[in-house]
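Numbering of the sequence shown is given in my numbering, commencing with residue 190 and proceeding in unit increments.
A virtual CB, placed ideally from N, CA and C, is assigned to each residue, including glycine.
None of the values given here were measured: they were computed from a predicted structure.
Below is one structure, written out as structure tokens; comments come after it.
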Amino acid sequence: MGPVLPKFPNNPIIRATSLSYLLTQSSKTQCILCFPSSREMVQGRGSAMTATVLLCLLLLHFELAQAATYTVGGTSGWTFNTAGWTKGKRFKAGDTLVFNYNPSIHNVVAVNRAGYNSCATPKGAKVYRSGKDQIKLAKGQNFFICNYIGHCQAGMKLAVTAA
């Protein structure tokens, strides 16, 4: 004849706690199924939550690690005739473009396609003037010009498509 087990209520936590207590208190009691105590269940949920948070942080780190930083114009920096600088490069949304230039003679303006094509600064366009600007690419087309007189027309403009 098998062991006599107490009747447990329908609440699984009370049932698990009672069975866990019975198993730990009686060395003569044998059981095929072992249930965790309510404390162990709470710790298990905490462990699952911790694992989920760690997984999210790992994925975020992986995505950030995938983002690249590019110095526009290479060692020459942001200057005239940088339009061809993008050839052979694959940009992704989240990549950062670094614009290095002399801020007393240049700037960087984030423009739309019309502003890029006409070398005009649209109303409300973001103008950067630090000489060491870092701009994160949005998905799709990104356009930049220098709006000092004659600079954009002389080729100081850049179009970048980010996947």
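Review point. Between the C-alpha atoms of A299 and Y259, what's the straight-line distance to the nearest angstrom?
Key: Along the sequence shown, read from residue 1 onward, the residue named residue 299 stands at position 110. Along the sequence shown, read from residue 1 onward, the residue named residue 259 stands at position 70. The alpha-carbon atoms of A299 and Y259 are separated by roughly 16 Å.
Point to revise | Cβ-Cβ distance between A327 and A282 below 8 Å | key: The count along the sequence shown starts at 1 and reaches residue 327 at position 138. The count along the sequence shown starts at 1 and reaches residue 282 at position 93. Yes, they are a contact pair.
**Study point:** Cβ-Cβ separation, Y305 to A348 (assumed contact under 8 Å), whole Å
**Key:** Residue mapping note: residue 348 aligns to position 159 of the sequence shown, counting from 1. Residue mapping note: residue 305 aligns to position 116 of the sequence shown, counting from 1. About 6 Å separates the two Cβ atoms, so the contact holds.
Practice item. Only counting runs of 3 or more residues, tell me where the beta strand (DSSP E) segments fall wholly within the stretch 283-316, in order along the chain. Key: Within the stretch 283-316, the complete beta strand (DSSP E) runs of at least 3 residues are 285-289, 297-300.
Point to revise | 6 Å Cβ shell around Q323 - same chain, five flanking residues per side excluded | key: Counting from one through the sequence shown, the residue named residue 323 turns up at place 134. The residues are T285, V287.
**Study point:** Candidates G320, N301, C308, F280, of which the one nearest N291 by Cα
**Key:** Start at 1 with the first residue of the sequence shown, and residue 291 comes out as number 102. Considering only alpha carbons, the answer is G320.
Review point. Leaving out five residues before and five after R302 in sequence, what residues of the same chain have Cβ atoms less than 7 Å from its Cβ?
Key: In the sequence shown, the residue the question calls residue 302 occupies position 113. Within the same chain, R302 has close Cβ partners Q330, F332.
Review point. Are the CB atoms of R318 and N296 nearer to each other than 8 Å?
Key: Reading the sequence shown from its first residue, position 129 is the one you call residue 318. Reading the sequence shown from its first residue, position 107 is the one you call residue 296. Taking 8 Å as the Cβ cut-off, R318 and N296 qualify as a contacting pair.
**Study point:** L246 to S236 span [Cα, whole Å]
**Key:** Your numbering for residue 246 matches position 57 in the sequence shown. Your numbering for residue 236 matches position 47 in the sequence shown. Their backbone Cα atoms lie some 15 Å apart in a straight line.
Check your understanding: In angstroms, rounded to a whole number, what distance separates the CA positions of A240 and T350?
Key -> Reading the sequence shown from its first residue, position 51 is the one you call residue 240. Reading the sequence shown from its first residue, position 161 is the one you call residue 350. The straight-line gap from Cα to Cα measures roughly 36 Å.
**Study point:** Cα-Cα separation, N289 to V242
**Key:** Position 100 of the sequence shown, counted from the start, is the residue given in the question as residue 289. Position 53 of the sequence shown, counted from the start, is the residue given in the question as residue 242. About 38 Å.
Practice item. Could you check if V261 is buried or exposed, using at least 16 other CB atoms within 10 Å of its CB as the buried criterion? Key: As a first step, residue 261 must be located in the sequence shown, where it is residue number 72. Buried, by the Cβ-count rule.
**Study point:** Pairwise C-alpha distance: M345 and N270
**Key:** In the sequence shown, residue 270 corresponds to position 81, counting from 1. In the sequence shown, residue 345 corresponds to position 156, counting from 1. When rounded, the distance between both Cα atoms is 6 Å.
Point to revise | Nearest residue (CA-CA) to I338, options T264, K312, I294, W267 | key: Within the sequence shown, residue 338 is the residue found at index 149, counting from 1. Ranking T264, K312, I294, W267 by Cα distance to I338 puts I294 first.
Review point. So what does N336 bridge to, in DSSP terms?
Key: Taking the first residue of the sequence shown as 1, we reach residue 336 at position 147. Partner(s): none; N336 has no beta bridge.
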